[in-house]
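Visitor:
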Amino acid sequence: DRSPQGLDFWLHLGDFIYEYGRQYYPEPSETRVPGLQPANDVVHLQEYRKRYAFYRLDPDLQRLSAAAPMISIWDDHEVANDDWMHGAENHQSD
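In terms of this note's numbering, the sequence shown opens at residue 9 and continues consecutively.
1) On the DSSP bridge assignment, give the partners of L19 in chain order.
2) Secondary structure at D49, three-state DSSP: helix, strand or coil?
3) Put Q31 into one of helix, strand or coil per three-state DSSP.
4) Report back the beta-carbon spacing between L44 and P34 to the nearest angstrom; my notes put them in contact at under 8 Å.
5) Please list, in chain order, all residues of the same chain as Y28 whose beta carbon is under 7 Å from its beta carbon, the five residues on each side excluded.
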């Protein structure tokens with residue numbers, strides 16, 4: 009039974025989103041909602057907001073989110089892949 013009813017919470021262990029653009033991710037077989045918004049690599053705050061909103065279009069995720077709160081463990085993709093004090097993959101200042 010995949011019903012989220014009766015959950016006290018659900019735990020997500022990182023990489024809730026990926027900041028990559030359509031050219032890197034996802035494969036069509038890996039999506040529940042067709043396409044990707046924004047289609048480019050996300051770098052700016054407004055782009056991250058759009059990407060989170062796009063992921064939230066998934067009807068199963070909406071049902072799960074309505075049923076119980078999420079405890080989120082953040083990972084590097086929530087901000088940028090492999091970030092460190094001098095930059096991150098696809099987030100280097102030129």
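Ideal placement from N, C-alpha and C gives every residue a C-beta, glycine not left out.
Guide: According to the structure shown:
1) As a working mapping, residue 19 is identified with position 11 in the sequence shown. Note: L19 sits in a beta bridge opposite I79.
2) Here the question's residue 49 lines up with position 41 in the sequence shown. Of the three classes helix, strand and coil, the one that applies to D49 here is coil, per DSSP.
3) Position 23 of the sequence shown, counted from the first residue, corresponds to residue 31. Reduced to three states, the DSSP call for Q31 is coil.
4) To locate residue 44, count along the sequence shown from 1; it is residue 36. To locate residue 34, count along the sequence shown from 1; it is residue 26. Yes, they are in contact, since the Cβ atoms of L44 and P34 sit about 7 Å apart, within 8 Å.
5) Start at 1 with the first residue of the sequence shown, and residue 28 comes out as number 20. Excluding positions up to five away in sequence, the list reads D49.
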